[in-house]
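Taking it in order: structure first as structure tokens, then the write-up.
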Amino acid sequence: MGEETFPFGCGKFLTKSSDLLRFWTKVELKNVDSCWEWQGARFGPGYGQIMIGRPLLAHRVAYLDIVGPIPGRRTIRLECGNRLCCNPAHMVVAHNGHVR
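All residue numbers for the sequence shown refer to my numbering, where the first residue is 0 and numbers rise by one.
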């Protein structure tokens with residue numbers, strides 16, 4: 000069997016353009032190369048979080064919207080080390096357990 004993909008990584012929760020618009024209004028975009036910092040709520044260890052049907056990690060929402068589905072049940076690793084970063088250029092798909 001092939002790997003399972005999740006259409007928006009968050010299934011049915013990320014289907015409305017109004018949700019994505021609300022998401023992007025909470026991201027501070029400076030330039031293409033810099034961290035795009037999440038300005039909304041934060042989850043325990045310092046990651047951005049938005050409520051769209053259920054709590055979703057901000058960097059995963061950004062990745063899903065710009066890059067596309069996350070294969071299997073993989074993790075998105077932030078190469079920049081900034082837990083509030085929503086710039087997909089700073090993200091790589093990793094196996095669970097391979098996060099810094």
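Cβ coordinates follow ideal geometry from the N, Cα and C atoms, glycine included.
None of the values given here were measured: they were computed from a predicted structure.
TODO: Please confirm if the stretch 24-38 is in contact with the stretch 68-75, defined as three or more CB-CB distances below 8 Å between the two stretches.
DONE: no
- [ ] Give the range of the beta strand (DSSP E) segment to which arginine 76 is assigned.
- [x] In the sequence shown, the residue the question calls residue 76 occupies position 77. Looking at the DSSP string, the run of the beta strand (DSSP E) that includes arginine 76 is 74-77.
TODO: Identify every residue that forms a DSSP beta bridge with glutamine 100.
DONE: The structure shown does not extend to residue 100, since the chain is modelled only from 0 through 99, so no value can be given for it.
TODO: Let me know the secondary structure DSSP gives arginine 21 once reduced to three states.
DONE: The sequence position of residue 21 within the sequence shown is 22, counting from 1. Helix, per DSSP.
Open item on the list: By the DSSP assignment, the beta strand (DSSP E) with valine 91 in it spans what residues?
Closed with: Start at 1 with the first residue of the sequence shown, and residue 91 comes out as number 92. 90-93 is the span of the beta strand (DSSP E), which, as asked, contains valine 91.
Open item on the list: Nearest by alpha-carbon distance to proline 87: which of Asn95, Ala40, His94, Leu63 is it?
Closed with: Against the sequence shown, residue 87 aligns to sequence position 88. Among Asn95, Ala40, His94, Leu63, the Cα nearest to that of proline 87 belongs to Leu63.
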